[in-house]
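Protein chains in written order, with this note's numbering: chain A, 47 to 338; chain B, 282 to 559.
All C-beta atoms, glycine included, are put in the ideal place defined by N, C-alpha and C.
Just so you know, these numbers come straight off a predicted model, no measurement behind them.
Written out below as structure tokens is the structure these notes cover.
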Amino acid sequence: MRTTMAMFTTITATIITFIDMFQYEFMNNAFAAAGIVAVVSGIVGYFLVMRGQTFAGHALSHIGFAGATGAGLIGLAPLWGLLGFTLAAGITMGALSERISNRDVAIGVVLALALGFGLLFLHYYTSFATQATALLFGNVLAVDHRMIATLVVLGVVTLVALAAIMRPLIFSTLQPELAEAKGVPLRFVSTAFLAIVALAVSECAQIVGVLLVFTLMVGPPAAAQRVTTGLWSGLALSAALALGEAWLGITLAFHTDWPVSFCIACLSALGYFTALFASGRRSQVGRGNETA
Amino acid sequence: MNVVELDRATIGIAGHSILSNVSFAIGPGEFIGVLGPNGAGKTTLMRAILGLLPPSAGYVRVFENAPQRGDRGIGYLPQVRTVLPDLRVRGLDFIGSSLHGERWGLPSLNRHDKSMIEATLDSVGARDLAKRPLSDMSGGERQRLLLAQALIGEPKLLLLDEPLISLDARHQEVAIDVVRRVCRERKITVLFSAHELNQLLGTLDRVLYLGNGQAVLGTVDEVVTAPVLSRLFGTDISVVRAEGHIFVMSRGYDVERVEHAHDHGHVHDHHGHHHHLH
């Protein structure tokens, strides 16, 4: 009886603090912004993982860092610098052919150079330094209504563009030789896709920062692809996982006072390794049945 | 009517001609084995037929017209170069992605598409692959999936680029049998490129040998002879026939011995000498 009472009290307390969270406007804003971004990241990231271009996505975010700090230097909002740089880099990578965008060394060099430039811009714009952490690791708790509106517009543009190229994108990802033979403009598709990734990266960086875009753009889709093999179920699961991890991360952060991005990063890794473990066990069981 | 015709065609990549001044014609329903060493232009020829490589001189005609990219009359099984390592996409979605894959917008499979995919998987005896992810399939299963895909849409011409590569001997025989059966039934013209002539001996109508930028088309008896192949490759070739097998050997060059592992126990001399010319 006493334990039931205790449990009841604990649950009530938890619910109250949970509801409590939403009394703060910054928390509402954080949930809204993270929700929009997580869904977009989970969906765009699904294709990034499918194409094996996660490193290119990572590089785009670092290039975005240089853009964001550069924008600060000339008095623009960091988001626009981020968007401009990632878009330009994405389109350049795509236009230079698929071979470049898949070449790890070239991407690695450009990535490091971009971070270096980011540092240079910071060096000359010292008052901007406080925002550097926010750029690198995200600051979802500082999101305002205007930012949410911007994220909604960007998110819609990203998803509409992705929907427009989705069919040839999947075809040219799975079977480039055949897609080419059937008349798919491979280079255009891959360039358009990297531009879409650039948009998604810019949005994602607003929530978890440029260094942690993988937490929403790679962790959830990679986990989803371990668990399901259907396209739509995979996309839905990826988006749902990203959303769940983002919201749960914010909730955890609220109660523990740990940084939000840290919590999301942990959940993302947890989700991925759980999926990896689960699917590994399942396929082992499957193999056992085959030999039997 | 010719299904494929090359008329004094020169085809090359980046100014370097791979086939020069080549002429031949392939009729409807023929099963053509395309042979020749690596780099002789087997893939180049197929890409020209697909309309991906326009000839720099002469003509290539497919169904009596200039080749058209995306021609629905052609089924194509590319030599698999890009294998994504861990592709957890099930067979149905994999083939589905190629159906109208050139159209913009969201992918969708209606009931008609699905039944078409299942029917074509059935025809190559691979219905169960629809539900399994690609990453769990063996090389033979993947190849069968690709073959099924190439047969979708009732093509009149099938281009199979090295479909036997990465298959073990048993699966190679199965693959050849399936292609032969389906293509005879539907009267499809087949260009089947391979490294080994012997496996195709019972199946092919004519053989197209490529080498040194040239091509010779004819029956096995006409083409696979020491004088014809020596002239084509510009080196001393000897052709040895033994027990229904043909061994093409080039003296003074590296003669590679290809051995096929027989894991299903029956003794069957299938060791071919495989010529290697560069």
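Residue i - DSSP class collapsed to helix/strand/coil
| i | result |
| --- | --- |
| Gly276/A | coil |
| Asp190/A | coil |
| Tyr92/A | helix |
| Phe528/B | strand |
| Asn74/A | helix |
| Ala338/A | Note that Ala338/A scores a pLDDT of 31, beneath 50, so its modelled location is shaky; the value from the coordinates is reported in the next line. The answer is coil: DSSP assigns Ala338/A none of H, G, I, E or B. |
| Ala290/B | strand |
| Val180/A | For clarity, residue 180/A is Ala in the given sequence; the question names Val instead. The answer is helix: DSSP assigns Ala180/A an H, G or I state. |
| Ile82/A | helix |
| Asn302/B | strand |
| Ser325/A | helix |
| Phe312/B | strand |
| Tyr490/B | strand |
| Val509/B | helix |
Own chain partners of residue i with C-beta closer than 7 angstroms, once the 5 adjacent residues on each side are dropped
| i | result |
| --- | --- |
| His108/A | Leu157, Ala160, Leu161, Val256 |
| Met73/A | Met67, Phe300 |
| Leu187/A | Phe72, Ala76, Val306 |
| Ser447/B | Gly420 |
| Phe375/B | Leu415, Leu426 |
| Ile457/B | Gln480, Leu481, Thr484 |
| Pro46/A | No answer is possible for residue 46/A: the residues shown for chain A start at 47 and end at 338. |
CB contact flag (residue i, residue j, <9 angstroms)
| i | j | result |
| --- | --- | --- |
| Thr470/B | Val284/B | yes |
| Ser248/A | Leu168/A | no |
| Leu331/B | Asp352/B | yes |
| Asp288/B | Tyr340/B | yes |
| Leu326/B | Leu300/B | yes |
| Gly426/B | Leu415/B | Note on residue identity: the sequence assigns Leu, not Gly, to residue 426/B. In contact: Leu426/B and Leu415/B (Cβ atoms closer than 9 angstroms). |
| Thr484/B | Phe305/B | no |
| Gln424/B | His393/B | no |
| Leu220/A | Ser378/B | yes |
| Ala114/A | Leu165/A | no |
| Val303/B | Ala295/B | no |
| Gly136/A | Leu240/A | yes |
| Ala475/B | Leu445/B | yes |
| Arg487/B | Thr506/B | no |
Status (buried if at least 16 other CB within 10 Å, exposed otherwise) for residue i
| i | result |
| --- | --- |
| Val151/A | exposed |
| Leu42/A | The question about residue 42/A has no answer here: the residues shown for chain A are numbered 47 through 338. |
| Ser307/A | buried |
| Gly314/B | buried |
| Phe319/A | exposed |
| Glu291/A | buried |
| Thr56/A | exposed |
| Lys412/B | exposed |
| Ile292/B | buried |
Sequence-distant residues of its chain with Cβ nearer than 6 angstroms to residue i (five each side left out)
| i | result |
| --- | --- |
| Thr100/A | Leu94, Val264 |
| Phe163/A | Ala112 |
| Pro214/A | Val230, Val235 |
| Gly116/A | Gly127, Phe167 |
| Gly201/A | Ile82, Val86 |
| Ile355/B | Pro436, Leu438 |
| Pro266/A | Gly88, Ser284, Leu287, Ala288 |
| Gly533/B | Residue placement at Gly533/B is poorly supported in this model, since its pLDDT is 48, which falls under 50; the coordinates are not used for a value here. |
Residue i Cβ short of 8 angstroms to the ligand MG heavy atom set
| i | result |
| --- | --- |
| Gly164/A | Inclusion of the ligand MG in the displayed structure is not the case, the ligand content being empty and no account of it being possible. |
Close Cβ partners of residue i (< 8 angstroms) along its chain, the five nearest in sequence each way excluded
| i | result |
| --- | --- |
| Gln349/B | Gly332, Val343 |
Which parts of the segment 332 to 395 of chain B are runs of the alpha helix (DSSP H), unbroken and 4 residues or longer, counting only runs that do not cross its ends?
Taking 4 residues as the minimum length, the alpha helix (DSSP H) runs contained wholly in the segment 332 to 395 of chain B are 372 to 379, in order along the chain.
Check your understanding: Can you give, in chain order, each stretch of the alpha helix (DSSP H) that sits fully within the segment 193 to 280 of chain A and has at least 4 residues?
Key -> Correct list: 222 to 227, 232 to 254, 259 to 263, 265 to 273.
**Report entry** Sequence ranges, beta strand (DSSP E) only - wholly within the segment 454 to 504 of chain B, length at least 3
**Finding:** DSSP runs (the beta strand (DSSP E)) wholly in the segment 454 to 504 of chain B: 470 to 474, 487 to 492, 495 to 499.
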